[in-house]
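Heads up: the sequence shown is residues -22 to -1, 1 to 259, going by mature numbering (1 follows the signal peptide of the UniProt record, and there is no 0). Glycine residues also receive a C-beta, built at the ideal position from the N, C-alpha and C atoms.
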Amino acid sequence: MEASSLFFFLFTTSLLLVGTSDQTVFNVLDYGAVGDGQTDDTNAFARAWQETCASSSSATVQVPSGKTFLIRALRFNGPCNSNSVSMEIDGNLMAPSDPSKWDCENNVCDRWIYFHRVDGLTVRGYGTIDGRGDKWWHGDALEISSSNNIYLGGGLNFKDSPRMHVVLNGLRSLVVSDITIDAPEKSPNTDGIHVTGCTNAFINHSRIGTGDDCISIVDGSSFVTITNIICGPGHGISIGSLGKNGANDEVEYISVSDVVFIGSTNGARIKTWQVNYATIR
């Protein structure tokens, strides 16, 4: 068994074991969330996260099914006390339809849901994450950054992000599996999954249709395996763009296999600016 395949097997198996072990559960309803799609539930999510991150044992933020939670821009900061932290999203998350209601940090609306420095993070469930981006097409729906041992998937649905749907930034050892991403074919810059500065990444068994790249991989990424993807509409699976402003970008050990492209403008491609040097392999 190749090293990358062995890692994927061991990592996903450990996630299954964690999912069946005893965990402390923090239900957002217990922190004041209403889930009627109209009440602002942002503070309830923030309080539930604080308790979860402070727990010394495996802990989960539970977003129950059958409800729709309206939340503004939220930052879920680590590091947490436990190396096994989950967010189970079985209900629906919905961004404000009015961009002015996002209440972004320092008035910068670069992202909606942001996990930072949370090792051992699992985000999964059967709910829908609805960015309601058609009013402005600006701001990424979900970003996970500067973290290790990440799992995202388990049936999650993403739709209509204002910009990129999922941004994976500076992660080591991650699996994205069994997600669905949908955005209008003409929506601008709505990449499905954007990978930057990540290593040991596995993206598989997902369906992605957007107005931009289904999956994009940029500088600093290595050992990225993409397989069993349905892509389209969209711009295909892309490495780049690389070398903007003369940067010496490096992307290496990328594998793409068993991908079905349906109505995409491209298949797999490499995008570069005119540069003196870049490493792609």
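| Check | Outcome |
| --- | --- |
| What first and last residue would you give for the alpha helix (DSSP H) that runs through R25? | 20 to 32 |
| Return the Cβ separation of I181 and F136 in integer angstroms, given the expectation that the two are a contact with Cβ distance under 8 Å. | No, I181 and F136 are not in contact; Cβ-Cβ is about 14 Å, not under 8 Å. |
| May I have the straight-line CA-CA distance separating E29 from A22, to the nearest angstrom? | 11 Å |
| Which whole-angstrom value describes the C-beta separation of D68 and V101, a residue pair presumed to lie in contact below a C-beta threshold of 8 Å? | Not really, about 12 Å apart at Cβ, beyond 8 Å. |
| Take S43 and list the residues in its own chain whose beta-carbon comes closer than 8 Å to its own, dropping the five residues that flank it on each side. | D68, G69, Y104, G105 |
| With DSSP collapsed to three states, give me the class of S233. | strand |
| Going by DSSP, what residue range makes up the beta strand (DSSP E) through N55? | 52 to 55 |
| Do you know offhand how far D160's Cα is from S199's? | 25 Å |
| Select from W115, D88, N61, S235 the residue whose C-alpha is nearest the C-alpha of P162. | W115 |
| What does the Cβ neighbour count give for A225, buried or exposed, with the cut at 16 atoms within 10 Å? | exposed |
| How would you write the range of the beta strand (DSSP E) that W90 sits in, first residue to last? | 89 to 94 |
| Using C-beta distances below 8 Å, list every residue in its chain close to M72, excluding the 5 sequence neighbours before and after it, in chain order. | G15, T46, F47, L48, I49, D108, R110 |
| Report yes if the C-beta of Y129 is less than 7 Å from at least one heavy atom of the ligand ATP; otherwise report no. | Ligands in the displayed structure: none, and consequently the ligand ATP is not present. |
| In terms of alpha-carbon separation, which member of I204, D76, W27, I240 lies closest to G56? | W27 |
| Count the other CB atoms within 10 Å of the CB of Y129; is the residue buried (16 or more) or exposed (fewer)? | buried |
| So what does DSSP say about D14, is it helix, strand or coil? | strand |
| Since G212 and I186 are thought to touch, with beta carbons under 8 Å apart, how far apart are those beta carbons, to the nearest angstrom? | 7 Å |
| Using CA atoms only, rank isn't needed, just tell me which of L52, K249, D18, E66 is closest to D88. | L52 |
| Between S60, D18, S64, T203, which lies nearest to S35 when the distance is taken from Cα to Cα? | S60 |
| Give me the Cα-Cα distance between A(-20) and W90, rounded to the nearest whole angstrom. | Model confidence at A(-20) stands at a pLDDT of 48, short of 50, so the residue's coordinates are unreliable and nothing is read from them. |
| Answer with yes or no whether the minimum CB distance from V12 to chain B is below 8 Å. | Among the chains in the structure shown there is no chain B, since it carries only a single protein chain. |
| Which of the three DSSP states is assigned to S78 in this structure? | helix |
| For the beta strand (DSSP E) that H116 lies in, which residues bound it at each end? | No beta strand (DSSP E) contains H116, which DSSP labels as neither H nor E. |
| Please classify T188 as buried or exposed, where buried requires at least 16 other C-beta atoms within 10 Å of its C-beta. | buried |
| What is the rounded straight-line gap between the Cα of G221 and the Cα of E121? | 23 Å |
| When the distance is taken between beta carbons, is M142 closer than 8 Å to D118? | yes |
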